[in-house]
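Working notes, beginning with the structure itself.
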Amino acid sequence: MNLSDNDQLVADYLGRLDQAARALPADRRAELIEEIALHIAEARAADPGGLSEPLAVRNILERLGDPQDIVRAAAEAAFADAAADYRPAGPRHTGTGPAGGDGRGGAGPLEICAVLFLLVGGVVIPVLGWIAGVVLLWVSPRWQTRDKLIGTLVWPGGLLAPAAVLIAGGAAALIPASETVCTGGGSEAGITTSGQRIVHHFPPTCTGTGGMPAWLGITILVILMALAIGGPVYTAIRLLRRAGHAPAGQAAGPAVPIPA
Amino acid sequence: MVAGEAGNLVAQMRRGVLPYCVLAMLQDKERYGFELVQTLSGMDGMVTGEGTIYPLLARLRRQGRVETTWQESAAGPPRRYYRITLAGREALAEFASSWRRFSGTVDDLLASPGEGRADETA
Numbered sequence: 001m002n003l004s005d006n007d008q009l010v011a012d013y014l015g016r017l018d019q020a021a022r023a024l025p026a027d028r029r030a031e032l033i034e035e036i037a038l039h040i041a042e043a044r045a046a047d048p049g050g051l052s053e054p055l056a057v058r059n060i061l062e063r064l065g066d067p068q069d070i071v072r073a074a075a076e077a078a079f080a081d082a083a084a085d086y087r088p089a090g091p092r093h094t095g096t097g098p099a100g101g102d103g104r105g106g107a108g109p110l111e112i113c114a115v116l117f118l119l120v121g122g123v124v125i126p127v128l129g130w131i132a133g134v135v136l137l138w139v140s141p142r143w144q145t146r147d148k149l150i151g152t153l154v155w156p157g158g159l160l161a162p163a164a165v166l167i168a169g170g171a172a173a174l175i176p177a178s179e180t181v182c183t184g185g186g187s188e189a190g191i192t193t194s195g196q197r198i199v200h201h202f203p204p205t206c207t208g209t210g211g212m213p214a215w216l217g218i219t220i221l222v223i224l225m226a227l228a229i230g231g232p233v234y235t236a237i238r239l240l241r242r243a244g245h246a247p248a249g250q251a252a253g254p255a256v257p258i259p260a
Numbered sequence: 001m002v003a004g005e006a007g008n009l010v011a012q013m014r015r016g017v018l019p020y021c022v023l024a025m026l027q028d029k030e031r032y033g034f035e036l037v038q039t040l041s042g043m044d045g046m047v048t049g050e051g052t053i054y055p056l057l058a059r060l061r062r063q064g065r066v067e068t069t070w071q072e073s074a075a076g077p078p079r080r081y082y083r084i085t086l087a088g089r090e091a092l093a094e095f096a097s098s099w100r101r102f103s104g105t106v107d108d109l110l111a112s113p114g115e116g117r118a119d120e121t122a
């Protein structure tokens, strides 16, 4: 037998493995096939007859075992991962991947404090209160990085901004806004040096708060306020709902594996 | 016990214990996948098919109990090196104490002469 026949043996084996692995999630399947292929390559490189001896190649494949058994082991691992992540008590939401699992645990005291500080901390203690919320947010292991980023960026200051605007707006409401105030103007009668009677008309000087009509200004203000309040509130609800994941890949496996 | 039954039992026990054996092998140094598989398959009763170890390794990685790095190898394809993490060490320590307690209990039961054996004739 020559080289290509041995390669054919390997290709057949990997083909059977690929076929059997169709049942697995795509990423696990791809990884498994890659690792088995690398194993075969490594084994052939280590064995003096591995490249050319058909018997050596057959032995390598024999020791690897039946592709069905390998896929079964991978499926058991996937099942065990999912079972390990499952906790009946927490809020459920769509999983984030094979190892993500459903929501578990929910928001604990740390998470609730984080959300409270983020939302209103900035109002109670301007700026510092909100920063305390950010610290708690990032310290918690129960949010994924993406959620933490949203929590930080969607509401810098939390409700501080709309609260400040409300207070400023309340004060400003006492003063009529977007009104044109005109002073001066009128006409003045005078006599020129040649004795003619002239009337000067002075246009009134008007100052106005821009050329914006009142209704438009108020509408824009209402929209901005809705966003400034809605954003932090939405993010607060989202964070509370999504609490409960330790990010995939970090600790928290069962102490004793589940025998399949 | 029928031979097949005992074999089945051993297979089940092995499945539960094997991840911790891998962690134990990684305690002192990092090793690459092929190396781990070769060592395990050399141990009596440890492995059925060598290929079934790879899903196990992948699971350890997903649990955060090992970290992997790819390194170029002079002699062949790139190698995936496995290194135990702090979480892995903790899990291993917990398993070790559980195992000692459990296997000690079973050993005691196996060693003690049975009381009131049914086939004893007075």
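Heads up: the protein sequence lines correspond to chains A and B, in order.
Note that our numbering numbers the first sequence so that position 171 is 171, with each residue one more than the last.
Note that our numbering numbers the second sequence so that position 106 is 106, with each residue one more than the last.
All residues carry an ideal CB built from backbone N, CA and C; glycine is no exception.
- DSSP three-state assignment for B:Q71, whether helix, strand or coil: Locating residue 71 of chain B in the second sequence gives position 71, counting from the first residue. In the structure shown, B:Q71 adopts extended strand secondary structure according to DSSP, grouped into three states.
- Task: Express the C-alpha separation of B:R100 and B:E90 in angstroms, rounding to a whole number.
- Result: Reading the second sequence from its first residue, position 90 is the one you call residue 90 of chain B. Reading the second sequence from its first residue, position 100 is the one you call residue 100 of chain B. Cα to Cα, the separation comes out at about 16 Å.
- the segment 24-40 of chain A: positions lying closer than 8 Å to chain B by Cβ: Listed in sequence order: R28, E31, L32, E35, I36, L38 and H39.
- Verify the CB distance criterion: does B:R83 have a CB-CB separation below 8 Å to chain A? Translated into the one-based positions of the second sequence, residue 83 of chain B becomes position 83. Answer no: the Cβ-Cβ gap between B:R83 and chain A never drops below 8 Å.
- Task: Report yes or no: do three or more beta-carbon pairs, one from the segment 95-110 of chain B and one from the segment 50-65 of chain B, lie closer than 8 Å?
- Result: Segments in contact, no.
- Message: Whole angstroms are fine: how far does the CA of A:R72 sit from the CA of A:P25?
- Response: In the first sequence, residue 25 of chain A corresponds to position 25, counting from 1. In the first sequence, residue 72 of chain A corresponds to position 72, counting from 1. Roughly 13 Å separates the two Cα atoms.
- Counting along the chain, where does the alpha helix (DSSP H) carrying B:Y82 start and finish? Here the question's residue 82 of chain B lines up with position 82 in the second sequence. First-last for B:Y82: R79 to I84, but that is the beta strand (DSSP E), not the alpha helix (DSSP H).
- Helix, strand or coil: how does DSSP classify B:Y32 here? Walking along the second sequence from the start, residue 32 of chain B turns up at place 32. Note: B:Y32 maps to strand in three-state DSSP.
- Query: Looking at the C-beta of A:R22, does it have a partner C-beta in chain B at a distance below 8 Å?
  - Reply: Within the first sequence, numbered from 1, the residue matching residue 22 of chain A stands at position 22. The Cβ of A:R22 sits no closer than 8 Å to any Cβ of chain B.
- Which first and last residues belong to the alpha helix (DSSP H) in which A:T219 is found? Here residue 219 of chain A is taken as the residue at index 219 of the first sequence, counted from 1. A:T219 -> alpha helix (DSSP H) spans A214 to R242.
- Measure the C-alpha to C-alpha separation of A:L221 and A:P109 and round it to an integer number of angstroms. Position 221 of the first sequence, counted from the first residue, corresponds to residue 221 of chain A. Position 109 of the first sequence, counted from the first residue, corresponds to residue 109 of chain A. Their Cα atoms are separated by approximately 36 Å.
- Message: Counting only Cβ pairs nearer than 7 Å, list the residues of chain B close to A:D66.
- Response: Translated into the one-based positions of the first sequence, residue 66 of chain A becomes position 66. Here the neighbours are G49.
- Which of the three DSSP states, helix, strand or coil, is assigned to B:A111? One-based indexing of the second sequence puts residue 111 of chain B at position 111. DSSP places B:A111 in the helix class (H, G or I) of the three-state scheme.
- Message: Whole angstroms are fine: how far does the CA of A:Q68 sit from the CA of A:G100?
- Response: If you number the first sequence from 1, residue 100 of chain A lands on position 100. If you number the first sequence from 1, residue 68 of chain A lands on position 68. For A:G100, the predicted model reports a pLDDT of 41, less than 50, meaning its position is unreliable and no value from the coordinates is stated.
- Message: Based on DSSP bridge pairs, tell me the residues matched to A:H39.
- Response: Start at 1 with the first residue of the first sequence, and residue 39 of chain A comes out as number 39. Answer is none; A:H39 lacks a bridge partner.
- Reduced DSSP secondary structure (H/G/I, E/B, other) of A:I198: Position 198 of the first sequence, counting from 1, holds the residue named residue 198 of chain A. Look at A:I198 here: in three-state DSSP terms it is strand.
- Is there contact between the segment 64-79 of chain B and the segment 25-45 of chain A, where contact requires at least three CB pairs shorter than 8 Å? Here the segment 64-79 of chain B makes contact with the segment 25-45 of chain A; the two share three or more CB pairs at distances below 8 Å.
- In the DSSP assignment, what are the bridge partners of B:V66? One-based indexing of the second sequence puts residue 66 of chain B at position 66. Answer is B:I84, bridged to B:V66.
- Tell me A:I191's beta-bridge partners as DSSP assigns them. Taking the first sequence and counting its residues from 1, the one referred to as residue 191 of chain A is at position 191. In DSSP, A:I191 forms a bridge with A:R197.
- Query: What are the boundary residues of the alpha helix (DSSP H) that includes A:R72?
  - Reply: As a working mapping, residue 72 of chain A is identified with position 72 in the first sequence. The continuous alpha helix (DSSP H) containing A:R72 extends over residues P67 to D85.
- For B:V127, the three-state DSSP class (helix, strand or coil): With chain B running from 1 to 122 in the structure shown, residue 127 of chain B is simply not present.
- Query: From B:S103 to A:L118, what does the alpha carbon distance come to, in whole angstroms?
  - Reply: Here residue 103 of chain B refers to the residue found at position 103 when the second sequence is read from its first residue. Here residue 118 of chain A refers to the residue found at position 118 when the first sequence is read from its first residue. Spanning the two alpha carbons is a distance of roughly 51 Å.
- Query: If A:A80 sits next to A:R28, beta carbons under 8 Å apart, how far is it from one beta carbon to the other, in whole angstroms?
  - Reply: The count along the first sequence starts at 1 and reaches residue 80 of chain A at position 80. The count along the first sequence starts at 1 and reaches residue 28 of chain A at position 28. Cβ atoms of A:A80 and A:R28 stay farther apart than 8 Å, at about 13 Å.
- Rounded C-beta distance between B:Y54 and B:G33? I'm assuming under 8 Å. Along the second sequence, one-based indexing puts residue 54 of chain B at 54. Along the second sequence, one-based indexing puts residue 33 of chain B at 33. Contact flag correct, Cβ pair sits at about 7 Å.
- Residue-chain proximity (B:G7, chain A), Cβ-Cβ < 8 Å: For the purposes of this step, residue 7 of chain B is taken as the residue at position 7 of the second sequence. No, no contact with chain A.
- Report whether the distance from the Cβ of A:P54 to the nearest heavy atom of the ligand GDP is below 7 Å. Of ligands this structure carries none, so the ligand GDP is not represented either.
- Task: Drop a sphere of 10 angstroms on the beta-carbon of B:E50, count the other beta-carbons inside from all chains shown, and report buried for 16 or more, exposed for fewer.
- Result: Translated into positions along the second sequence, residue 50 of chain B becomes position 50. Per the 10 Å Cβ criterion, buried.
- Message: Taking a contact to mean a Cβ-Cβ separation below 8 Å, would you say A:L14 touches A:R58 in this structure?
- Response: Your numbering for residue 14 of chain A matches position 14 in the first sequence. Your numbering for residue 58 of chain A matches position 58 in the first sequence. For A:L14 and A:R58, no; Cβs fall outside 8 Å.
- Report the three-state DSSP secondary structure of B:M13 (helix, strand or coil). Here residue 13 of chain B refers to the residue found at position 13 when the second sequence is read from its first residue. B:M13 falls in the helix class under three-state DSSP.
- Proximal residues of chain B, C-beta to C-beta of A:A56 below 7 Å: Here residue 56 of chain A refers to the residue found at position 56 of the first sequence. In chain order: nothing, as chain B lies at least about 15 Å away.
- So A:V120 and A:L153 are in contact, right, with Cβ under 8 Å, and what is the actual spacing, rounded? One-based indexing of the first sequence puts residue 120 of chain A at position 120. One-based indexing of the first sequence puts residue 153 of chain A at position 153. The C-beta separation of A:V120 from A:L153 comes to about 18 Å, leaving the pair out of contact by the 8 Å criterion.
- Query: Any idea what DSSP makes of A:A107, helix, strand or coil?
  - Reply: Residue 107 of chain A sits at position 107 when you count from the first residue of the first sequence. The DSSP-derived three-state label of A:A107 is coil.
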